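In our numbering, the protein residues as written are 2 to 277.
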């Protein structure tokens, strides 16, 4: 399935029983990872979830492809970890038809370095690590362009663009593709590394404080907006649709702000906004 990061660790966490409705409420299994799993565990235990008559079971899965495959195969009902661009690339590469049912947030990808302290001090021939899945490779290249380090060709595809689409590389940057979950671990082995915020936080990094440069945080950055994803036969399930309300309620947003210091900007745009 292309070059998406593969992970094999599957850990069952938190509440609930089977993926079914009962007299005690509807049980929904959510696949997630990292900080997103932390948020959904908080939601699962909230009074709002009880009031919605939902038993939310959070299954933590490491690896984007594994997560989407688990969703496609019915091991989880819905997942919460990926951007719109990642979903589009997965569907294209896997001949799949997973669907987004709600937007959740946007968080910036950043450029990090162990030794370089200013983006203007990047040396000639610097080695840059990029995620090896198409969505985050292209996203990382867009961040590098925004920082002024490279210029991309006209018509650059934000879902499938690659290093072959670089039009100008004045600093003669060299590129290395890595598993996108390993960014914090390889920071000492390269000059620069592009890391998504969820992975950065797992490595103890704050994109607003520790990166040399990060994306402009804007709801107009469509391909980078995160979404809740399920299968086409479940997209109208009332319980799954309630998850968006739970995510965007005031109590949840207050928790997210306190825990993640403004690095997850809420986005409540309709899915049609992403599809335009």
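Beta carbons are placed, not taken as given, at the ideal position from N, Cα and C, and that holds for glycine. Since the model is a prediction, treat every value here as computed from it, not as a measurement.
Practice task
Measure the alpha-carbon distance for residue 23 versus residue 238 and round it to whole angstroms.
Solution key: Here the model assigns residue 23 a pLDDT of 47, short of 50, so the residue's position is not dependable, and the following value carries that caveat. Using only the alpha carbons, I get a separation of about 15 Å.
Handout entry: residue 125, buried or exposed, once every other Cβ within 10 Å from all chains shown has been counted against 16
Key = exposed
Handout entry: Range of the contiguous alpha helix (DSSP H) that encloses residue 73
Key = Run containing residue 73: 65-73, per the alpha helix (DSSP H) assignment.
Problem - Burial state of residue 271, where buried means 16 or more other Cβ atoms lie within 10 Å - result: exposed
Handout entry: Straight-line Cα distance separating residue 141 from residue 236
Key = 30 Å
Practice task
Give me the Cα-Cα distance between residue 183 and residue 50, rounded to the nearest whole angstrom.
Solution key: 33 Å
Handout entry: For residue 271, the three-state DSSP class (helix, strand or coil)
Key = Reduced to three states, the DSSP call for residue 271 is coil.
Practice task
Report yes if the CB atom of residue 73 is closer than 8 Å to the CB atom of residue 31, and no otherwise.
Solution key: no
Exercise for the section: Measure the beta-carbon distance from residue 89 to residue 193 and round it to whole angstroms, keeping in mind my assumption that it falls under 8 Å. Expected result: The C-beta distance from residue 89 to residue 193 rounds to 26 Å, too long to fall under 8 Å, and the pair is not in contact.
Handout entry: Cutoff 8 Å; reference residue 253; Cβ partners in own chain excluding five residues on either side
Key = 40, 43, 44, 47, 49, 247
Exercise for the section: Please report the residue range of the alpha helix (DSSP H) in which residue 36 lies. Expected result: 35-45
Practice task
Report buried or exposed for residue 201, applying the criterion of at least 16 other Cβ atoms within 10 angstroms of its Cβ.
Solution key: buried
Problem - Cut-off 6 Å between Cβ atoms - residues of its own chain near residue 265, not counting five sequence neighbours on either side - result: 106, 108, 257
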